[in-house]
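Have a look at the structure below before the remarks.
There are 2 protein chains.
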Amino acid sequence: MNSRRAKSDGDGDRPVISRRRISESTIRRLSIYYRALSALEGEGYHTVSSKDLARREKLTPAQVRKDLSFFGSFGTRGLGYPTKELKTRIAAILGVDQTWNVGLIGAGNIGSALVSYKEFQKQGFVINAIFDNDQRKIGSNHKGIVISDIKDLAAEVKKRNIQIVVIAVPAAAAQQACDVAVEAGIKAILNFAPINLKVPNGVTLRTENMAMEIEYLSFTLTNHMRPIPT
Amino acid sequence: MNSRRAKSDGDGDRPVISRRRISESTIRRLSIYYRALSALEGEGYHTVSSKDLARREKLTPAQVRKDLSFFGSFGTRGLGYPTKELKTRIAAILGVDQTWNVGLIGAGNIGSALVSYKEFQKQGFVINAIFDNDQRKIGSNHKGIVISDIKDLAAEVKKRNIQIVVIAVPAAAAQQACDVAVEAGIKAILNFAPINLKVPNGVTLRTENMAMEIEYLSFTLTNHMRPIPT
DNA sequence: AATTGTGAAATTGTTCACAGCA
DNA sequence: TGCTGTGAACAATTTCACAATT
Numbered sequence: 003m004n005s006r007r008a009k010s011d012g013d014g015d016r017p018v019i020s021r022r023r024i025s026e027s028t029i030r031r032l033s034i035y036y037r038a039l040s041a042l043e044g045e046g047y048h049t050v051s052s053k054d055l056a057r058r059e060k061l062t063p064a065q066v067r068k069d070l071s072f073f074g075s076f077g078t079r080g081l082g083y084p085t086k087e088l089k090t091r092i093a094a095i096l097g098v099d100q101t102w103n104v105g106l107i108g109a110g111n112i113g114s115a116l117v118s119y120k121e122f123q124k125q126g127f128v129i130n131a132i133f134d135n136d137q138r139k140i141g142s143n144h145k146g147i148v149i150s151d152i153k154d155l156a157a158e159v160k161k162r163n164i165q166i167v168v169i170a171v172p173a174a175a176a177q178q179a180c181d182v183a184v185e186a187g188i189k190a191i192l193n194f195a196p197i198n199l200k201v202p203n204g205v206t207l208r209t210e211n212m213a214m215e216i217e218y219l220s221f222t223l224t225n226h227m228r229p230i231p232t
Numbered sequence: 003m004n005s006r007r008a009k010s011d012g013d014g015d016r017p018v019i020s021r022r023r024i025s026e027s028t029i030r031r032l033s034i035y036y037r038a039l040s041a042l043e044g045e046g047y048h049t050v051s052s053k054d055l056a057r058r059e060k061l062t063p064a065q066v067r068k069d070l071s072f073f074g075s076f077g078t079r080g081l082g083y084p085t086k087e088l089k090t091r092i093a094a095i096l097g098v099d100q101t102w103n104v105g106l107i108g109a110g111n112i113g114s115a116l117v118s119y120k121e122f123q124k125q126g127f128v129i130n131a132i133f134d135n136d137q138r139k140i141g142s143n144h145k146g147i148v149i150s151d152i153k154d155l156a157a158e159v160k161k162r163n164i165q166i167v168v169i170a171v172p173a174a175a176a177q178q179a180c181d182v183a184v185e186a187g188i189k190a191i192l193n194f195a196p197i198n199l200k201v202p203n204g205v206t207l208r209t210e211n212m213a214m215e216i217e218y219l220s221f222t223l224t225n226h227m228r229p230i231p232t
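In structure tokens, the structure reads:
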């Protein structure tokens, strides 16, 4: 049943997920499936086929099945996937079946927007600490969260068991903020500054570069191109 | 020197850029090179090699050369690329050598943050219209830009020659906002709502999904994985 | 001596196509 | 019959490796 052939991945044992390295695109699509399943569940579908998911998200059915197959066999031949259960499984794979404590560095425009961003909260990402280096902001209260001095980051990370740090400071200050987070033992960083940060091995960094996306649009407009299907 | 050699798109001749389809990843990296070159120029480098660029952005030299080669031969063997000129060339390719008029739909948290986002302005993306459907917001002034009723979007698009629309409304309202933009003739849309929007052929849509990025982090933390190099 | 530009090779990712099951 | 799960075929992307050039 569980076609999981435990595999060794270098040396020791290796988990569930593996033998083959899961690609970044597969993980991204898992997020997509998760959101689609939430919607489908709300629409009353008890069962969903790879075709349904594919049509809804503009992918191919084979792609959906292949992605899911890396993690196990969740479907029933002839029937499809049980909506609710598949959603639960994907939530477990993505780790959104738990709460993550998130620290935010930077209480500026983007930072403020993120504190109110519903989608984070809905998925269990709870911002419970905000850091800044502006003395005028420190000590003040933002949506019920006190803004701390970035100097106290390590202490707060420990005290509040913060696992993820979001960087929302200007580009010039971003590497320093990143270093502070790494120094405090953080292993996952989401960066909104338009700059390539350096992190040591073992720390996962994702950079959300909004300028890059709008430049892509400008490229297609400039070159009269048909959009490259995403 | 607008090096844009007009091209027909389907049968006839094909431009500079092309004959081979430029991949999305190449375009993204062009944005990266552009930013790196701006920095290098500021640091006083007159010349830069593919190796320099690669090291700086954690890519391979071959990748840099291959990407650039799709658009022409900008370098000198033995020497490298002229920093300033390469930057100018890439700016022309990306279309950031001109000003783009951007309309923003949604005057909420994310929308407000975008209006103040320096990186957009720096690259020539000027938000000069804001739309909302909340009567309390309409008519008020946000950073010098009057908030208009979304009903007037088509008229404003025409009047202000708006070429790009940014959607920053809740997921439930996003498709409708998108339809309005498409109806007004917009060909490039940047969407911040966590939902897969439908657009007709000929319209380029990019979706910036912040939840997806943080879920990726949660995945790596959950699975004790080494980060997949980006 | 150094570095580009680029075919060819290697790798990675996607789609096909079909056996296996419900 | 319908749809999953998956190896094999195919396609796209990246890296290699080297001739060309300064």
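Protein chains in written order, with our numbering: chain Y, 3 to 232; chain E, 3 to 232. Think of the CB as a built atom: it goes at the ideal place given N, C-alpha and C, for glycine as much as any other residue. Quick caveat, the model's predicted, so the values are computed rather than measured.
With Gln165(Y) and Leu223(E) assumed to form a contact (beta carbons below 8 Å), what rounded beta-carbon distance in angstroms separates them? Yes, Gln165(Y) and Leu223(E) are in contact; Cβ-Cβ is about 6 Å, under 8 Å.
Do you know how far the Cα of Asn198(E) is from the Cα of Ala141(Y)? In the sequence under discussion, the amino acid at residue 141(Y) is Gly, which differs from the Ala named in the question. In this structure, the straight-line span from the alpha carbon of Gly141(Y) to that of Asn198(E) is close to 39 Å.
According to DSSP, residues forming a beta bridge with Val168(Y): According to DSSP, residue pairing for Val168(Y) in a beta bridge involves Leu106(Y), Leu192(Y).
Can a CB atom of chain E be found closer than 8 Å to the CB of Leu55(Y)? It does not: the Cβ of Leu55(Y) has no partner Cβ on chain E nearer than 8 Å.
Going by DSSP, what residue range makes up the alpha helix (DSSP H) through Ala186(E)? Careful: Ala186(E) lies outside any alpha helix (DSSP H) and carries neither H nor E.
Taking DSSP as the reference, what is the three-state secondary structure of Cys208(Y)? What sits at residue 208(Y) in the sequence shown is Arg, not Cys. If DSSP states are grouped into helix, strand and coil, Arg208(Y) belongs with the strands.
Leaving out five residues before and five after Gly188(Y) in sequence, what residues of the same chain have Cβ atoms less than 6 Å from its Cβ? Note that residue 188(Y) is Ile in the sequence shown, not Gly. Contacts found: Val167.
At which residue ranges does the region 85 to 135 of chain E contain complete alpha helix (DSSP H) runs of 4 or more residues, listed in the order of the chain? Entirely contained in the region 85 to 135 of chain E, the alpha helix (DSSP H) runs reaching 4 residues are, in chain order, 85 to 96, 111 to 117, 120 to 124.
Contact with chain Y by Gly97(E), beta-carbon distance below 8 Å: Contacts with chain Y at 8 Å (Cβ-Cβ) include Gly97(E).
Sorted by chain position, which residues of the same chain lie with C-beta nearer than 6 Å to Val245(Y)'s C-beta, five sequence neighbours on each side aside? Outside the shown range of chain Y (3 to 232) lies residue 245(Y), about which nothing can therefore be said.
Measure the CB-CB distance between Leu106(Y) and Phe133(Y) and report whether it falls below 8 Å. Yes, the pair counts as a contact, with Cβ atoms nearer than the cut-off.
Along the chain, where does the beta strand (DSSP E) that runs through Ser2(E) open and close? Lying before the first or after the last residue shown, residue 2(E) is absent from chain E, which here runs from 3 to 232.
Less than 8 Å between CB atoms is the rule here; does Pro196(Y) satisfy it with respect to chain E? At least one C-beta of chain E is nearer than 8 Å to the C-beta of Pro196(Y).
Mark Pro196(Y) as exposed unless 16 or more other C-beta atoms lie within 10 angstroms of its C-beta, in which case mark it buried. Buried.
Between the beta-carbon of Asn130(Y) and the beta-carbon of Asn111(Y), is there less than 8 Å? Against a cut-off of 8 Å, the Cβ pair of Asn111(Y) and Asn130(Y) comes out as no contact.
With a 10 Å radius around its C-beta and 16 neighbouring C-beta atoms as the bar for buried, classify Thr78(E) as buried or exposed. Residue environment: Thr78(E) is assigned as exposed (fewer than 16 neighbouring CB atoms within 10 Å of its CB, all protein chains considered).
Would you mind sorting Leu55(E) into buried or exposed? The rule is 16 or more other CB atoms within 10 Å of its CB. When all chains shown are included, Leu55(E) counts as buried.
So, for Ile147(E): in the same chain, excluding its five sequence neighbours on each side, which residues have a beta-carbon less than 8 Å away from its beta-carbon? Cβ within range, chain order: Val117, Ile129, Asn130, Ala131, Ile132.
Establish whether the CB of Glu45(Y) and some CB of chain E are separated by less than 8 Å. Put simply, the CB of Glu45(Y) is far from chain E, with every gap to its CB atoms at 8 Å or more.
Lys145(E) versus Gly82(E): straight-line alpha-carbon distance, rounded: When rounded, the distance between both Cα atoms is 43 Å.
Is it a yes or a no for the region 150 to 161 of chain Y touching the region 171 to 189 of chain Y, going by three-plus beta-carbon pairs under 8 Å? Yes: the two stretches touch, three or more of their Cβ pairs being nearer than 8 Å.
Tell me Tyr83(E)'s beta-bridge partners as DSSP assigns them. Answer is Val50(E).
On the three-state DSSP scale, how would you describe Thr62(E)? Looking at Thr62(E) - three-state DSSP - the assignment turns out to be coil, as it is neither helix nor strand.
Own chain residues within Cβ distance below 7 Å of Ala109(E), not counting five before or after: Closer than 7 Å at Cβ, skipping near neighbours: Ile132, Asp134, Lys139, His144, Ile149.
Could you name the residues of the same chain whose beta carbon sits closer than 8 Å to that of Tyr36(Y), not counting the 5 residues immediately before and after it, in chain order? Here the set comprises Lys89, Ile92, Ala93, Leu96, Val98.
Which two residues bound the contiguous alpha helix (DSSP H) that contains Arg30(E)? Per DSSP, Arg30(E) belongs to the alpha helix (DSSP H) from 26 to 44.
Determine the contact status of Glu217(Y) and Ser33(E), defining contact as a CB-CB distance below 8 Å. Taking C-beta atoms as the reference points, Glu217(Y) and Ser33(E) count as a pair closer than 8 Å.
Partners in chain Y for Arg67(E), counting only beta-carbon separations shorter than 9 Å: Within chain Y, no residue has its beta carbon less than 9 Å from that of Arg67(E); the closest one is some 19 Å off.
Would a C-beta distance cut-off of 8 Å place His48(E) and Thr101(E) closer than the cut-off? At the C-beta level, His48(E) and Thr101(E) stay beyond 8 Å of one another.
CA nearest to the CA of Phe194(E), picked from Lys200(E), Asn203(E), Arg208(E): Looking at Lys200(E), Asn203(E), Arg208(E), the one whose alpha-carbon comes closest to that of Phe194(E) is Arg208(E).
Which residue wins for smallest C-alpha separation from Leu42(Y), given the options Glu59(Y), Thr28(Y), Ala115(Y), Cys180(Y)? For the residues Glu59(Y), Thr28(Y), Ala115(Y), Cys180(Y), the minimum Cα distance to Leu42(Y) belongs to Glu59(Y).
Which residue wins for smallest C-alpha separation from Leu219(Y), given the options Ser220(E), Phe221(E), Glu210(E)? It is Glu210(E).
Pairwise C-alpha distance: His226(Y) and Leu70(E): If you take the alpha carbons of Leu70(E) and His226(Y), they lie about 19 Å apart.
Under 7 Å (Cβ pairs) to chain Y, residues found in the region 122 to 139 of chain E: Listed in sequence order: Phe122, Gln125, Phe127.
Please confirm whether Ile166(Y) has its beta-carbon closer than 8 Å to some beta-carbon of chain E. Cβ-Cβ to chain E under 8 Å: yes for Ile166(Y).
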